[in-house]
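To start, the structure itself, in structure tokens.
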Amino acid sequence: MAAEKSDVKNYMINVDGVQFDWEMNKGLFNYAGGDSILFWVSTAMKTFLDTIEEVSGEEAAGVVLEATGFRQGHVVGEYFKKDNIATEQALAMIRPMYASAGWGNININRVCEDEKQANIQIKNSWEYRINVEQGKTEPGRFIPGHFAGLLSSLFNTNMAYRIIKSELTGDDTSEFEFFPTEQSMEQNIHRLARQKEAEEIEKLEAVVEERTKELNDLVKEISSPIIPVLEDIVVVPLLGKYDEARSKELIEKTLTNLPKHKAQYLVLDLTGLDRDVSELTIEFIDKLGTGASLIGTETILVGISPEMGMAIASSDSNLSTFNCFRSLHHGILFALAQQGRQIV
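Numbering (full-length UniProt numbering), first residue to last: 1 to 344.
Here it is, written out as structure tokens:
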């Protein structure tokens with residue numbers, strides 16, 4: 001049908017009962033009486049959808065498109081209801097209206113308003129054409145979501161869908177079954193969003209757990225090393241705070257390695273301990289010193305702060321029975337003197 005020119009800048013054409021109007025002087029295009037725009041499918045629309053997927057991820061983008069399609073379909077259904085157009089007539093109007101807009105060739109196979117069920121086929125949909133350009137292997141969710149929204153409005157009930165056939169997987173047409181559901185699209189969106197959040201939280205927890213393990217392993221590796229300073233004398237610097245797990249780890253590590261060094265003297269340097277000395281810390285040092293004595297190694301404490309001294313004095317520990325010195329230097333000199341040696 002040739003376009004009719006109503007004036008120099010305005011054009012209009014009727015395609016199978018659907019009106020197209022252009023107001024060139026205003027840069028406006030109207031389709032079926034509504035303000036509209038046009039996009040190239042294989043370039044502009046493909047770029048639009050590719051960008052959504054790139055920013056939000058493929059799964060999230062699928063949810064967005066399905067929800068958008070549903071809500072747009074619901075708007076179309078409300079348009080028909082506003083004009084008191086019966087369901088059967090509305091669905092009959094869909095085919096030429098959507099075909100003229102490039103949505104594809106739609107065939108309403110079956111509609112049962114009483115049972116709230118429908119079967120719809122569509123060939124060459126714009127979503128399918130974009131999916132081909134994208135190299136997709138799974139069918140898109142906008143088109144079936146759109147018709148679910150349209151039927152939800154026309155049937156006054158929440159409608160869901162299942163994909164029966166898909167051109168993208170080699171079928172000659174795409175086919176969808178529509179049926180009632182107890183969940184609304186908003187509930188589905190909320191559920192999928194929470195599911196996505198749960199998946200992301202699970203991923204983060206796994207990353208945190210792995211990182212924590214790496215850090216714990218690193219702490220174990222560098223924390224409180226056994227340092228042989230002279231023959232038969234080793235120094236173990238205690239650093240920071242010691243909880244039950246860290247205390248147990250150090251006791252086992254130290255008592256296991258003392259025989260390897262043939263240590264007669266274990267010098268525990270307490271200079272680097274946290275100033276807030278807990279009962280657990282005092283108990284742990286006591287256990288370490290007592291354990292060392294059981295395997296023939298004498299314990300010497302150095303670097304005791306005033307705070308620790310008061311904590312030891314008020315505790316029930318046996319730390320006061322160990323030889324204690326202000327500095328590491330004095331502790332080592334004492335150990336040498338006990339062996340009849342000296343530094344020259």
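Each residue gets a CB set at the ideal place from its N, CA and C atoms; glycine is no exception.
Source: prediction; values computed, not measured.
{"Query": "Using only the alpha-carbon positions, how far apart do Met1 and Leu38 sit?", "Result": "Caution applies to Met1, whose pLDDT of 48 falls short of 50 and renders its modelled position unreliable; the value that the coordinates give is listed next. Roughly 20 Å separates the two Cα atoms."}
{"Query": "Taking C-alpha atoms, which residue in Glu88, Gly145, Thr173 lies nearest to Asn124?", "Result": "Thr173"}
{"Query": "Short check: CB of Asp269 to CB of Leu328, under 9 Å?", "Result": "yes"}
{"Query": "Rounded to the nearest angstrom, what separates Tyr11 and Gly102 at their Cα positions?", "Result": "20 Å"}
{"Query": "On a Cα-Cα basis, can you pick out the residue from Ala206, Ala148, Ile164 that is closest to Pro180?", "Result": "Ala148"}
{"Query": "Only counting the same chain, and skipping five residues up and downstream in sequence, which positions put a Cβ closer than 7 Å to that of Gln342?", "Result": "Leu336"}
{"Query": "Reducing DSSP to helix, strand and coil, say where Ile13 ends up.", "Result": "strand"}
{"Query": "Please look up how many angstroms separate the CB atoms of Trp22 and Phe29, rounded, as I've assumed it's under 8 Å.", "Result": "5 Å"}
{"Query": "Answer yes if the stretch 199 to 216 comes into contact with the stretch 85 to 97, meaning at least three C-beta pairs across the two stretches below 8 Å, and no otherwise.", "Result": "no"}
{"Query": "Enumerated in chain order, which unbroken segments of the beta strand (DSSP E) with a length of 3 residues or greater are wholly contained in the stretch 109 to 142?", "Result": "117 to 123"}
{"Query": "Indicate whether Glu298 and Asn318 have their beta-carbon atoms separated by less than 9 Å.", "Result": "no"}
{"Query": "What does a CB cutoff of less than 7 Å around Asp286 pick up in its chain, not counting 5 residues either side in sequence?", "Result": "Ser317, Asn318, Leu319"}
{"Query": "Use the C-beta contact count for Met185: other C-beta atoms within 10 angstroms, 16 or more gives buried, fewer gives exposed.", "Result": "buried"}
{"Query": "Report the CB separation of Gln19 from Gly34 in whole angstroms; it is logged as a contact under 8 Å.", "Result": "The Cβ separation is near 10 Å, so there is no contact."}
{"Query": "How big is the Cα-Cα spacing for Arg275 and Ser293?", "Result": "26 Å"}
{"Query": "Quick one: is Pro306 buried, meaning 16 or more other Cβ sit within 10 Å of its Cβ, or exposed?", "Result": "exposed"}
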